[in-house]
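K.L.:
Right, I'll just put the structure down here and ask away after.
Residue numbers (this note's numbering): -11 to 345.
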């Protein structure tokens, strides 16, 4: 019996690492280079390539991200370090907040620098307040590193974590309902950029207390995937037939339901991969995925247009191949960057990866 518990614990740790890999690779699809502005993208709405882009974004990107927040809540609920509030906050500032600020600064330097000197079509500093907001994510999402709103909100959840993990279940339930209501109604900023992050963070704490992770992995894979597949089909139908501007509350409610079923589906997939031949390959990638999360949009801003010259923008015959391969192309660049940093500047590698390299 003890040996079984140890084996399950090791597989659970591997599944958590693998979940991070597949979720963060999926995030790249949300920000994939298209070569088109918003107006041109809207004109292609309903075409085969735009539907493929939408499906990849929703299936592997936005639907996978909630699992990252839930895993963070699950881990913090079992951490003894959270009992020391000041030490806990210092650690999270070093591993979450500091990398966010550094990477936002690098994004301004490289992406805005390329816009000013090379004519890249990208945001440039408009004022001192714009620069401060871009780096610290105080009152709005960044214009360049838009994914950093997740780290900003996650850090705030971590600041509140010592109180949350001590709260009774009924109190967590009330906070979760409020966070879900804020997501549906579009409330949250500037306190939380995305209220759903708090919702899933709390869900992770509850999941730890209720052993939900163990219950989900006992589900047959088709049963774990079916609710997600059905709601994704409903979301795709609505996106094509209704559009984003209609019945916003219903759309956001459906979106939250999709994310909930996605958590179940992706955790079950990660558990399956943790027992497969792909396990070792995915675990070797895992130390680089935080770097991938932080750096991928900078690489897409700078490298997307260059590779896009070979395939053309969205709507071109070769673009679907480029779209599908973008996460792997960005991953290859990030792994090379991480290895170089570890060799020539280990302190910088530690700072930029939050200690993960």
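Using N, Cα and C, we set each Cβ at its ideal position, and we do this for glycine too.
Mapping DSSP to helix, strand and coil, what is residue 263?
P.N.:
Start at 1 with the first residue of the chain shown, and residue 263 comes out as number 275. If DSSP states are grouped into helix, strand and coil, residue 263 belongs with coil.
K.L.:
Quick one: using the 10 Å Cβ neighbour count with 16 as the cut-off for buried, is residue 96 buried or exposed?
P.N.:
Position 108 of the chain shown, counted from the first residue, corresponds to residue 96. Its Cβ being crowded by 16 or more others within 10 Å, residue 96 is buried.
K.L.:
Smallest Cα separation from residue 141: which of 303, 167 and 248?
P.N.:
In the chain shown, the residue the question calls residue 141 occupies position 153. Each of 303, 167 and 248 was checked against the Cα of residue 141, and the nearest Cα belongs to 167.
K.L.:
Would you tell me roughly how many angstroms separate the C-alpha atoms of residue 29 and residue 38, rounded to the nearest one?
P.N.:
Working through the chain shown from its first residue, we reach residue 29 at position 41. Working through the chain shown from its first residue, we reach residue 38 at position 50. Looking at the two C-alpha atoms, the distance is approximately 8 Å.
K.L.:
How would you label residue 151, buried or exposed, when you count the other beta carbons within 10 angstroms and need 16 or more for buried?
P.N.:
Taking the first residue of the chain shown as 1, we reach residue 151 at position 163. Residue 151 should be labelled exposed.
K.L.:
Give the single residue among 342, 226, 64 and 289 whose Cα lies nearest to the Cα of residue 188.
P.N.:
In the chain shown, counting from the first residue as 1, residue 188 sits at position 200. The candidate whose alpha carbon is nearest that of residue 188 is 64.
K.L.:
Could you check whether residue 110 and residue 289 sit closer than 7 Å to each other, using their CB atoms as the reference points?
P.N.:
Walking along the chain shown from the start, residue 289 turns up at place 301. Walking along the chain shown from the start, residue 110 turns up at place 122. Yes. Within cutoff.
K.L.:
Could I get the ranges of all uninterrupted alpha helix (DSSP H) runs contained in the segment 182 to 241, with 4 residues as the minimum, in chain order?
P.N.:
183 to 198, 200 to 205 and 209 to 229
K.L.:
Looking at the secondary structure, which residues open and close the alpha helix (DSSP H) in which residue 327 lies?
P.N.:
Walking along the chain shown from the start, residue 327 turns up at place 339. Here the alpha helix (DSSP H) through residue 327 covers 307 to 332.
K.L.:
Just the C-alpha distance for residue -11 and residue 10, rounded to the nearest angstrom, thanks.
P.N.:
Reading the chain shown from its first residue, position 1 is the one you call residue -11. Reading the chain shown from its first residue, position 22 is the one you call residue 10. With a pLDDT of 47 at residue -11, under the threshold of 50, the modelled position of that residue is not reliable, and the figure given next carries that caveat. Separation of residue -11 and residue 10 (C-alpha to C-alpha, rounded to the nearest whole angstrom) is 31 Å.
K.L.:
Measure how close the beta-carbons of residue 301 and residue 23 come, nearest whole angstrom, since I'm counting them as under 8 Å.
P.N.:
As a first step, residue 301 is located in the chain shown; it is residue number 313 there, counting from the start. As a first step, residue 23 is located in the chain shown; it is residue number 35 there, counting from the start. Going by Cβ atoms, the distance from residue 301 to residue 23 rounds to 3 Å, so yes, they are a contact pair.
K.L.:
Applying the criterion that 16 or more other CB atoms from any shown protein chain within 10 Å of the CB defines a buried residue, is residue 178 buried or exposed?
P.N.:
Position 190 of the chain shown, counted from the first residue, corresponds to residue 178. Counting Cβ neighbours within 10 Å, residue 178 comes out exposed, since fewer than 16 surround it.
K.L.:
Considering residue 135, what are the terminal residues of the alpha helix (DSSP H) in which it resides?
P.N.:
In the chain shown, counting from the first residue as 1, residue 135 sits at position 147. It is not in any alpha helix (DSSP H) - residue 135 carries neither H nor E in the DSSP assignment.
K.L.:
Does the Cβ of residue 88 have 16 or more other Cβ atoms within 10 Å, making it buried, or fewer, making it exposed?
P.N.:
To locate residue 88, count along the chain shown from 1; it is residue 100. Counting Cβ neighbours within 10 Å, residue 88 comes out buried, since at least 16 surround it.
K.L.:
How about residue 219 and residue 249: do their beta carbons lie closer than 7 Å?
P.N.:
Locating residue 219 in the chain shown gives position 231, counting from the first residue. Locating residue 249 in the chain shown gives position 261, counting from the first residue. The answer is yes: Cβ separation under 7 Å.
K.L.:
Under the three-state reduction of DSSP, which class applies to residue 300: helix, strand or coil?
P.N.:
The residue labelled residue 300 in the question sits at position 312 within the chain shown. Residue state, collapsed to three classes: coil.
K.L.:
Looking at the structure shown, is residue 14 part of a helix, part of a strand, or coil, going by DSSP?
P.N.:
Along the chain shown, one-based indexing puts residue 14 at 26. Helix, per DSSP.
K.L.:
Distance, Cα to Cα, residue 125 vs residue 112?
P.N.:
For the purposes of this step, residue 125 is taken as the residue at position 137 of the chain shown. For the purposes of this step, residue 112 is taken as the residue at position 124 of the chain shown. Roughly 16 Å between the two C-alpha positions.
K.L.:
Determine whether the beta carbon atoms of residue 223 and residue 242 lie at a separation below 7 Å.
P.N.:
Here residue 223 refers to the residue found at position 235 when the chain shown is read from its first residue. Here residue 242 refers to the residue found at position 254 when the chain shown is read from its first residue. Their beta carbons are under 7 Å apart, which means residue 223 touches residue 242 by this criterion.
K.L.:
Along the alpha helix (DSSP H) that carries residue 384, what are the first and last residues, could you check?
P.N.:
No answer is possible for residue 384: the residues shown for the chain start at -11 and end at 345.
K.L.:
Please report the straight-line C-alpha distance between residue 56 and residue 235, rounded to a whole angstrom.
P.N.:
Locating residue 56 in the chain shown gives position 68, counting from the first residue. Locating residue 235 in the chain shown gives position 247, counting from the first residue. Approximately 28 Å between the Cα atoms of the pair.
K.L.:
What are the start and end residues of the alpha helix (DSSP H) that includes residue 30?
P.N.:
Here residue 30 is taken as the residue at index 42 of the chain shown, counted from 1. It spans 26 to 31 - the alpha helix (DSSP H) in which residue 30 sits, taken as one unbroken run.
K.L.:
Under a three-way DSSP split, which group does residue 176 fall into?
P.N.:
Position 188 of the chain shown, counted from the start, is the residue given in the question as residue 176. The answer is strand: DSSP assigns residue 176 an E or B state.
K.L.:
Do residue 136 and residue 80 come within 7 Å of each other at the CB atom, strictly closer than that value?
P.N.:
The count along the chain shown starts at 1 and reaches residue 80 at position 92. The count along the chain shown starts at 1 and reaches residue 136 at position 148. Not in contact: residue 80 and residue 136 (Cβ atoms no closer than 7 Å).
K.L.:
What number of angstroms, rounded off, separates the C-alpha of residue 106 from the C-alpha of residue 13?
P.N.:
Residue mapping note: residue 106 aligns to position 118 of the chain shown, counting from 1. Residue mapping note: residue 13 aligns to position 25 of the chain shown, counting from 1. If you take the alpha carbons of residue 106 and residue 13, they lie about 29 Å apart.
K.L.:
With distances taken Cα to Cα, identify the nearest neighbour of residue 131 among 154, 143 and 100.
P.N.:
Here residue 131 corresponds to residue number 143 of the chain shown, with the count starting at 1. When each option's Cα is compared against that of residue 131, the closest is 100.
K.L.:
So, at 8 Å on beta carbons, what are the nonlocal neighbours of residue 34 in its own chain, with the 5 sequence-adjacent residues on each side left out?
P.N.:
As a first step, residue 34 is located in the chain shown; it is residue number 46 there, counting from the start. 228.
K.L.:
Can you check which of these residues, 5, 294, 278 and 193, is closest to residue 161 by C-alpha distance?
P.N.:
As a position in the chain shown, residue 161 is number 173, starting the count at 1. The candidate whose alpha carbon is nearest that of residue 161 is 193.
K.L.:
Given this structure, state the Cα-to-Cα distance separating residue 0 from residue 195, to the nearest angstrom.
P.N.:
Within the chain shown, residue 0 is the residue found at index 12, counting from 1. Within the chain shown, residue 195 is the residue found at index 207, counting from 1. Using only the alpha carbons, I get a separation of about 14 Å.
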